[in-house]
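This report refers to the structure that appears directly beneath it.
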Amino acid sequence: MRTIRLAVIGAGGIAQVAHIPLWKKLPGVDLVAVCDTNLARAKAVAERYDIPQFFTKDDDVLKLDDVDAIDICAPTHMHMPLAIASLSAGKHVLVEKPIARTLEEGEKMVQAAKRYQRRLMVAMNVRFRRDAINMKSFIDAGELGEVFYAKCGWLRRQEKWAEASWLYQKQYSGGGVLMDLGVQMLDLALWLFGNKKAKAVKATTYNKVSKLEVEDVATAFVHLEDGSTLTLEVSWTFLTPEDELYASFFGTQGGAMMNPLRIMKEMHGNLVNLTPHVDDKPMSRYKRSYSNELRHFIKCLRDDTPMLSSGEESLDRMRIIEAMYESARLGKEVEL
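The numbers in this note's numbering rise by one with no breaks, and the one at position 89 of the sequence shown is 76.
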């Protein structure tokens, strides 16, 4: 088995919580370097996870001849320049969601991957949850009949807001909760729908609770080209007892819901529970989704197979997200 040598750029929250500790556990992966503009953080992370080299400049990382791939965990405004620089240096790229701040930036990244003949994958870990994978298998097998409606959401409550954080400043993040949680749930829904194309969207955004520069709540209704529909709601600030992530799909013969996973099908005039047993606790489900995602990226590099959550698919999601922002701004439905 060929060892894949990898470097991580950006040593903040998601890198330390998920990417780096999981990379260190994956067989056949050698994490050779970490880079962060904060020297103290880069050094501390390298020492904590026994990473041989640490840097503060991405140029120094990209000069390493023994690095096959770059995992970009930097803030969103850095995704495009870092991805293009990595691809042009002959490295494959895994980049955290969203692909970029705008559709235009994302298109440049996809074009660079084609130009330099390297792989580009966008990290959409929710797709890699076991319950999502189970739902996908039932839907694809036709167990629900013709699926015509879905609703999904991710509702979080943040008690404290770091207003200076890059995530809440549009020039760095590209937007608010739609760009953070919305793009994940939209991606999940469209993947479960078989990547159907969107025809039109109607969206509303709010920032009534946090008073941030970007939206903290968003709702949207998406018309798909085959006549099926999708509703989406995401929040950073709903005053709910606990966070909630959900997705429900309804067809002519049954329904599927996740978190918790439930598969229901009409059989002989009765609604029958077909839910497979999945012994997952919430935290293990969260970590396993990232582990599955990283394993998939490495397998695709080794076997030269198609990537789930490709750059091209992420462009489709960004077109819809931008249409949602336009709809919210105009106060009317927007066609794609």
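Ideal Cβ placement from N, Cα and C applies to all residues, glycine included.
Do the stretch 45 to 55 and the stretch 129 to 144 meet, that is, are 3 or more Cβ pairs less than 8 Å apart? Between the stretch 45 to 55 and the stretch 129 to 144 there are fewer than three inter-stretch CB-CB distances shorter than 8 Å, so the stretches are not counted as touching.
Helix, strand or coil for residue 38, going by three-state DSSP, please let me know. If DSSP states are grouped into helix, strand and coil, residue 38 belongs with coil.
For residue 141, the residue or residues it bridges with in DSSP: BP columns for residue 141 point to 221 and 232.
What are the start and end residues of the alpha helix (DSSP H) that includes residue 173? Run containing residue 173: 170 to 179, per the alpha helix (DSSP H) assignment.
Distance between residue 166 and residue 327 (C-alpha atoms, nearest Å): The structure shown does not extend to residue 327, since the chain spans only -12 to 323, so no value can be given for it.
Compare the C-alpha of residue 258 against each of 203, 245 and 240 and name the closest. Closest by alpha carbon: 240.
Taking the beta strand (DSSP E) that residue 193 belongs to, which residues open and close that run? Start and end: 185 to 193.
Alpha carbon to alpha carbon, how far is residue 226 from residue 193? Annotation: residue 226 to residue 193 spans about 14 Å, alpha carbon to alpha carbon.
Excluding five sequence neighbours on each side, which residues of the same chain lie with their C-beta closer than 8 Å to the C-beta of residue 64? 88, 153, 158, 159, 160 and 161, listed in sequence order.
Note the first and the last residue of the continuous beta strand (DSSP E) segment covering residue 17. That run of the beta strand (DSSP E) goes 16 to 22.
Inter-stretch contact at 8 Å, needing at least 3 Cβ pairs: the stretch 33 to 47 / the stretch -8 to 11: Contact between the stretch 33 to 47 and the stretch -8 to 11 is present, because at least three Cβ pairs lie under 8 Å.
Helix, strand or coil at residue 154 according to DSSP, with G and I counted as helix: The answer is helix: DSSP assigns residue 154 an H, G or I state.
Under a three-way DSSP split, which group does residue 89 fall into? If DSSP states are grouped into helix, strand and coil, residue 89 belongs with coil.
So does the stretch 311 to 321 actually touch the stretch 192 to 212, counting three or more Cβ pairs closer than 8 Å? With contact defined as three or more Cβ pairs closer than 8 Å, the stretch 311 to 321 and the stretch 192 to 212 are in contact.
What separation, rounded to the nearest whole angstrom, lies between the Cα atoms of residue 26 and residue 18? When rounded, the separation of the alpha-carbon atoms in residue 26 and residue 18 is 18 Å.
Report whether the distance from the Cβ of residue 192 to the nearest heavy atom of the ligand MN is below 7 Å. Only the bare structure without any ligand can be found here, which leaves the ligand MN out of the picture.
Given 8 Å, three or more beta-carbon pairs between the stretch 88 to 104 and the stretch 229 to 244: No, they do not touch.
First through last residue of the alpha helix (DSSP H) which encompasses residue 25: Following the DSSP letters along the chain, one finds residue 25 in no alpha helix (DSSP H), marked with neither H nor E.
Taking the beta carbon of residue 203 as the centre, do at least 16 other beta carbons fall within 10 Å, making it buried, or is it exposed? Buried.
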